[in-house]
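For reference, the structure discussed in these notes is given below.
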Amino acid sequence: MLPKVNQTLHIQVNSIDEEEAKQEYKSRIADITDAYISMEVPISEQSGRLKRLYSGDEMSIYYLTDGGVKNYFNSSVLGFSDDVIRLVHIKKPEPESITKVQRRNFLRVPAELEIAVKYSDQFQFVSMTDDVGGGGISFLCDGYIPVGSGQMVSCWLLVPFKNGQTEHVPFKSEIVRVKKLETGRQQVMMRYSEISDRERQKVIRYCFERQLDCRKK
1 MLPKVNQTLH IQVNSIDEEE AKQEYKSRIA DITDAYISME VPISEQSGRL
51 KRLYSGDEMS IYYLTDGGVK NYFNSSVLGF SDDVIRLVHI KKPEPESITK
101 VQRRNFLRVP AELEIAVKYS DQFQFVSMTD DVGGGGISFL CDGYIPVGSG
151 QMVSCWLLVP FKNGQTEHVP FKSEIVRVKK LETGRQQVMM RYSEISDRER
201 QKVIRYCFER QLDCRKK
(Lines of atoms letter the chains of each structure in order from A; the text may use other names.)
(Lines give C-alpha, C1' and ligand atoms only; values in the text may rest on other atoms or scores of the structure.)
Protein backbone atom coordinates (compact mmCIF):
# COMPACT_ATOMS: atom_id res chain seq x y z
CA MET A 1 0.00 0.00 0.00
CA LEU A 2 1.46 3.35 -1.06
CA PRO A 3 1.38 6.29 1.37
CA LYS A 4 -1.43 8.81 1.02
CA VAL A 5 -1.81 12.59 1.00
CA ASN A 6 -1.58 14.06 4.55
CA GLN A 7 0.21 10.95 5.82
CA THR A 8 3.24 11.51 8.07
CA LEU A 9 6.62 10.27 6.85
CA HIS A 10 9.45 9.41 9.25
CA ILE A 11 12.75 10.09 7.52
CA GLN A 12 16.45 9.37 8.02
CA VAL A 13 18.82 11.00 5.53
CA ASN A 14 21.70 8.80 4.43
CA SER A 15 24.92 10.57 5.32
CA ILE A 16 28.60 9.80 5.93
CA ASP A 17 28.25 11.99 9.03
CA GLU A 18 27.40 9.57 11.84
CA GLU A 19 25.41 12.04 13.92
CA GLU A 20 23.44 13.29 10.92
CA ALA A 21 22.53 9.74 9.85
CA LYS A 22 21.07 9.10 13.32
CA GLN A 23 18.67 12.05 13.12
CA GLU A 24 15.03 11.32 12.42
CA TYR A 25 12.76 13.85 10.74
CA LYS A 26 9.03 14.12 10.17
CA SER A 27 7.20 15.42 7.14
CA ARG A 28 3.66 15.49 5.75
CA ILE A 29 2.72 14.40 2.24
CA ALA A 30 1.17 17.34 0.35
CA ASP A 31 0.58 15.69 -3.02
CA ILE A 32 1.22 12.48 -4.97
CA THR A 33 1.63 12.23 -8.74
CA ASP A 34 2.43 9.31 -11.03
CA ALA A 35 6.14 10.15 -10.85
CA TYR A 36 6.82 11.55 -7.39
CA ILE A 37 5.65 12.36 -3.87
CA SER A 38 5.57 16.01 -2.78
CA MET A 39 6.21 16.54 0.93
CA GLU A 40 6.73 19.49 3.23
CA VAL A 41 10.28 20.32 4.29
CA PRO A 42 11.16 17.73 6.99
CA ILE A 43 11.50 18.87 10.59
CA SER A 44 13.77 17.35 13.25
CA GLU A 45 11.87 15.48 15.97
CA GLN A 46 14.57 16.46 18.50
CA SER A 47 15.41 20.08 17.74
CA GLY A 48 12.31 21.22 15.83
CA ARG A 49 14.54 22.64 13.08
CA LEU A 50 13.83 22.28 9.38
CA LYS A 51 16.14 19.98 7.40
CA ARG A 52 17.80 21.45 4.34
CA LEU A 53 17.78 18.86 1.55
CA TYR A 54 19.56 18.77 -1.78
CA SER A 55 18.73 17.07 -5.10
CA GLY A 56 20.03 13.52 -5.04
CA ASP A 57 19.91 13.10 -1.24
CA GLU A 58 19.03 9.49 -0.39
CA MET A 59 16.65 8.68 2.43
CA SER A 60 15.26 5.76 4.40
CA ILE A 61 11.56 6.38 5.07
CA TYR A 62 8.72 4.69 6.91
CA TYR A 63 5.07 5.50 7.50
CA LEU A 64 2.49 3.87 9.77
CA THR A 65 -0.68 2.11 8.67
CA ASP A 66 -3.47 0.39 10.61
CA GLY A 67 -2.37 -1.84 13.49
CA GLY A 68 0.95 -0.07 13.95
CA VAL A 69 2.47 -1.58 10.81
CA LYS A 70 5.61 0.27 9.69
CA ASN A 71 6.03 0.49 5.92
CA TYR A 72 9.65 1.08 4.87
CA PHE A 73 11.03 2.28 1.55
CA ASN A 74 14.10 4.05 0.17
CA SER A 75 13.81 7.24 -1.86
CA SER A 76 15.79 10.23 -3.11
CA VAL A 77 15.18 13.94 -3.66
CA LEU A 78 14.18 14.79 -7.24
CA GLY A 79 13.63 18.53 -6.87
CA PHE A 80 11.73 21.36 -5.19
CA SER A 81 8.87 23.77 -5.80
CA ASP A 82 7.53 26.87 -4.07
CA ASP A 83 3.78 27.30 -3.99
CA VAL A 84 2.14 28.53 -0.81
CA ILE A 85 4.88 26.62 1.01
CA ARG A 86 8.15 25.03 -0.15
CA LEU A 87 7.74 21.40 -1.18
CA VAL A 88 10.29 18.64 -1.66
CA HIS A 89 9.67 16.16 -4.48
CA ILE A 90 10.94 12.65 -3.78
CA LYS A 91 10.98 9.51 -5.89
CA LYS A 92 7.77 7.51 -5.59
CA PRO A 93 8.46 3.89 -4.55
CA GLU A 94 7.24 0.89 -6.47
CA PRO A 95 4.57 -0.87 -4.34
CA GLU A 96 6.55 -4.13 -4.36
CA SER A 97 9.62 -2.36 -2.92
CA ILE A 98 7.78 -1.35 0.27
CA THR A 99 8.60 -3.60 3.21
CA LYS A 100 5.96 -4.03 5.91
CA VAL A 101 7.17 -4.60 9.46
CA GLN A 102 4.59 -5.40 12.11
CA ARG A 103 5.59 -4.74 15.70
CA ARG A 104 5.24 -8.41 16.62
CA ASN A 105 6.54 -9.80 13.36
CA PHE A 106 9.81 -8.08 12.57
CA LEU A 107 11.55 -8.70 9.27
CA ARG A 108 14.47 -11.18 9.46
CA VAL A 109 17.18 -11.63 6.86
CA PRO A 110 20.16 -13.99 6.48
CA ALA A 111 23.30 -12.01 7.27
CA GLU A 112 26.87 -12.56 8.46
CA LEU A 113 27.61 -9.67 10.80
CA GLU A 114 30.19 -9.46 13.57
CA ILE A 115 28.69 -9.69 17.04
CA ALA A 116 30.37 -9.40 20.46
CA VAL A 117 28.68 -11.39 23.23
CA LYS A 118 29.38 -10.77 26.92
CA TYR A 119 28.21 -13.00 29.79
CA SER A 120 30.27 -11.38 32.50
CA ASP A 121 33.47 -9.37 32.96
CA GLN A 122 35.38 -12.66 32.77
CA PHE A 123 33.67 -14.23 29.76
CA GLN A 124 33.06 -12.65 26.39
CA PHE A 125 33.70 -13.60 22.77
CA VAL A 126 33.20 -12.42 19.19
CA SER A 127 31.19 -14.43 16.66
CA MET A 128 29.20 -14.08 13.42
CA THR A 129 25.44 -13.91 13.00
CA ASP A 130 23.58 -16.13 10.55
CA ASP A 131 20.35 -14.13 10.59
CA VAL A 132 19.34 -10.72 11.88
CA GLY A 133 15.97 -9.13 12.58
CA GLY A 134 14.17 -6.36 14.38
CA GLY A 135 13.00 -8.79 17.06
CA GLY A 136 16.09 -10.91 17.58
CA ILE A 137 19.26 -12.46 16.20
CA SER A 138 20.88 -15.86 15.81
CA PHE A 139 24.60 -16.49 15.65
CA LEU A 140 27.03 -19.40 15.31
CA CYS A 141 29.75 -20.22 17.83
CA ASP A 142 32.09 -23.06 18.80
CA GLY A 143 30.59 -26.04 20.59
CA TYR A 144 32.67 -25.59 23.74
CA ILE A 145 31.20 -22.19 24.57
CA PRO A 146 28.78 -22.61 27.51
CA VAL A 147 25.52 -21.16 26.23
CA GLY A 148 22.03 -22.24 27.28
CA SER A 149 18.38 -21.25 27.09
CA GLY A 150 17.34 -18.52 29.51
CA GLN A 151 20.76 -16.92 29.79
CA MET A 152 20.92 -13.13 29.55
CA VAL A 153 23.80 -11.58 27.59
CA SER A 154 25.01 -8.13 26.57
CA CYS A 155 25.85 -7.70 22.88
CA TRP A 156 27.28 -5.26 20.36
CA LEU A 157 26.43 -5.74 16.70
CA LEU A 158 28.48 -4.25 13.87
CA VAL A 159 25.97 -3.03 11.27
CA PRO A 160 27.15 -1.78 7.84
CA PHE A 161 24.90 0.34 5.60
CA LYS A 162 24.87 0.95 1.86
CA ASN A 163 26.18 4.49 2.26
CA GLY A 164 29.43 3.13 3.72
CA GLN A 165 28.52 4.03 7.30
CA THR A 166 28.96 1.39 10.03
CA GLU A 167 27.10 1.45 13.34
CA HIS A 168 27.76 -0.33 16.64
CA VAL A 169 24.35 -1.38 17.98
CA PRO A 170 24.29 -2.28 21.70
CA PHE A 171 21.52 -4.38 23.25
CA LYS A 172 20.76 -7.05 25.83
CA SER A 173 19.25 -10.38 24.83
CA GLU A 174 17.79 -13.57 26.22
CA ILE A 175 18.95 -16.84 24.69
CA VAL A 176 15.79 -18.72 23.73
CA ARG A 177 17.27 -21.79 22.00
CA VAL A 178 20.60 -23.49 21.31
CA LYS A 179 20.88 -25.97 18.45
CA LYS A 180 23.84 -28.36 18.10
CA LEU A 181 25.05 -28.59 14.50
CA GLU A 182 26.66 -31.55 12.73
CA THR A 183 29.81 -29.46 12.28
CA GLY A 184 30.30 -29.44 16.05
CA ARG A 185 29.35 -25.79 16.27
CA GLN A 186 26.12 -24.46 17.76
CA GLN A 187 23.47 -22.06 16.59
CA VAL A 188 22.29 -19.66 19.29
CA MET A 189 18.91 -17.95 18.88
CA MET A 190 18.18 -14.82 20.92
CA ARG A 191 15.45 -12.24 21.34
CA TYR A 192 16.08 -8.67 22.41
CA SER A 193 15.27 -8.01 26.06
CA GLU A 194 16.59 -4.43 26.18
CA ILE A 195 17.13 -2.33 23.05
CA SER A 196 16.28 1.31 22.42
CA ASP A 197 13.89 2.11 19.59
CA ARG A 198 16.64 4.09 17.86
CA GLU A 199 19.02 1.11 17.90
CA ARG A 200 16.27 -1.26 16.76
CA GLN A 201 15.55 1.07 13.82
CA LYS A 202 19.19 0.72 12.74
CA VAL A 203 18.81 -3.06 12.62
CA ILE A 204 15.51 -2.80 10.73
CA ARG A 205 17.06 -0.34 8.28
CA TYR A 206 19.89 -2.82 7.63
CA CYS A 207 17.37 -5.66 7.13
CA PHE A 208 15.43 -3.54 4.67
CA GLU A 209 18.56 -2.70 2.64
CA ARG A 210 19.67 -6.33 2.76
CA GLN A 211 16.26 -7.58 1.56
CA LEU A 212 16.32 -5.17 -1.39
CA ASP A 213 19.80 -6.45 -2.34
CA CYS A 214 18.58 -10.06 -2.21
CA ARG A 215 15.58 -9.21 -4.43
CA LYS A 216 17.90 -7.74 -7.08
CA LYS A 217 19.98 -10.93 -7.36
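Position 181 of the sequence shown, counted from 1, bears residue number 181 in the numbering used here, the numbering being contiguous throughout. Beta carbons are placed, not taken as given, at the ideal position from N, Cα and C, and that holds for glycine.
Inter-residue Cα distance where the pair is residue i and residue j
{"i": "GLY136", "j": "TYR192", "result": "5 angstroms"}
{"i": "GLY56", "j": "LEU50", "result": "18 angstroms"}
{"i": "VAL5", "j": "LEU87", "result": "13 angstroms"}
{"i": "PHE125", "j": "VAL117", "result": "6 angstroms"}
{"i": "VAL109", "j": "ILE204", "result": "10 angstroms"}
{"i": "GLY184", "j": "GLN151", "result": "21 angstroms"}
{"i": "MET39", "j": "SER75", "result": "12 angstroms"}
{"i": "GLU58", "j": "GLU94", "result": "16 angstroms"}
{"i": "GLY143", "j": "GLU182", "result": "10 angstroms"}
{"i": "LEU78", "j": "VAL159", "result": "28 angstroms"}
{"i": "TYR62", "j": "SER154", "result": "29 angstroms"}
{"i": "GLY134", "j": "CYS207", "result": "8 angstroms"}
{"i": "GLU45", "j": "ASP66", "result": "22 angstroms"}
{"i": "SER196", "j": "CYS141", "result": "26 angstroms"}
{"i": "ARG177", "j": "VAL147", "result": "9 angstroms"}
{"i": "ASN163", "j": "TYR119", "result": "33 angstroms"}
{"i": "ASP17", "j": "GLN122", "result": "35 angstroms"}
{"i": "ASP213", "j": "ARG52", "result": "29 angstroms"}
{"i": "GLN165", "j": "VAL132", "result": "18 angstroms"}
{"i": "GLU96", "j": "PHE161", "result": "21 angstroms"}
{"i": "ILE98", "j": "LEU107", "result": "12 angstroms"}
Nearest residue (CA-CA) to residue i, options the options
{"i": "LYS180", "options": "SER149, LEU212, GLN201, GLU167", "result": "SER149"}
{"i": "GLU199", "options": "GLU45, GLU209, TRP156, ILE145", "result": "TRP156"}
{"i": "ILE175", "options": "GLN165, THR166, GLN187", "result": "GLN187"}
{"i": "PHE171", "options": "GLN201, GLU45, PRO95", "result": "GLN201"}
{"i": "ALA21", "options": "PHE208, SER173, SER60", "result": "SER60"}
{"i": "GLY48", "options": "LYS26, LYS162, SER15, LEU107", "result": "LYS26"}
{"i": "HIS10", "options": "PRO146, ILE145, GLY164, LEU64", "result": "LEU64"}
{"i": "ILE145", "options": "SER127, ASP121, PHE161, ASP131", "result": "SER127"}
Own chain partners of residue i with C-beta closer than 7 angstroms, once the 5 adjacent residues on each side are dropped
{"i": "ALA35", "result": "LYS92"}
{"i": "THR129", "result": "ALA111, GLU112, LEU113, ILE115, ILE137, SER138, PHE139"}
{"i": "LYS100", "result": "VAL69, ASN71"}
{"i": "ARG28", "result": "ASN6, THR8, MET39, GLU40"}
{"i": "HIS168", "result": "TRP156, LEU158"}
{"i": "GLU19", "result": "none"}
Residue i, buried or exposed, once every other Cβ within 10 Å from all chains shown has been counted against 16
{"i": "LYS81", "result": "Here the sequence assigns Ser to residue 81, which means Lys is not the residue at that position. With fewer than 16 Cβ atoms within 10 Å of its Cβ, SER81 is classed as exposed."}
{"i": "ARG104", "result": "Bear in mind that the predicted position of ARG104 carries a pLDDT of just 47, short of 50, making it unreliable; the figure below should be weighed with that in mind. ARG104 should be labelled exposed."}
{"i": "VAL84", "result": "exposed"}
{"i": "PRO42", "result": "buried"}
{"i": "HIS89", "result": "buried"}
{"i": "ARG210", "result": "buried"}
{"i": "PHE73", "result": "buried"}
Host beta strand (DSSP E) of residue i (start-end)
{"i": "ALA30", "result": "25 to 32"}
{"i": "GLN187", "result": "186 to 194"}
{"i": "ASN74", "result": "69 to 82"}
{"i": "MET128", "result": "124 to 133"}
{"i": "TYR62", "result": "58 to 65"}
{"i": "LYS172", "result": "166 to 180"}
{"i": "ARG49", "result": "Run containing ARG49: none; DSSP gives neither H nor E here."}
{"i": "VAL13", "result": "8 to 13"}
Cutoff 8 angstroms; reference residue i; Cβ partners in own chain excluding five residues on either side
{"i": "ILE32", "result": "LEU2, PRO3, LYS4, VAL5, SER38, LYS92"}
Residues of its chain near residue i, where Cβ-Cβ distance is below 6 angstroms and the 5 sequence neighbours each way are ignored
{"i": "MET190", "result": "GLY136, ILE137, SER173, ILE175"}
{"i": "GLN12", "result": "GLU24, SER60"}
{"i": "TYR54", "result": "none"}
{"i": "GLU194", "result": "LYS172"}
{"i": "ASN14", "result": "GLU58, ASN163"}
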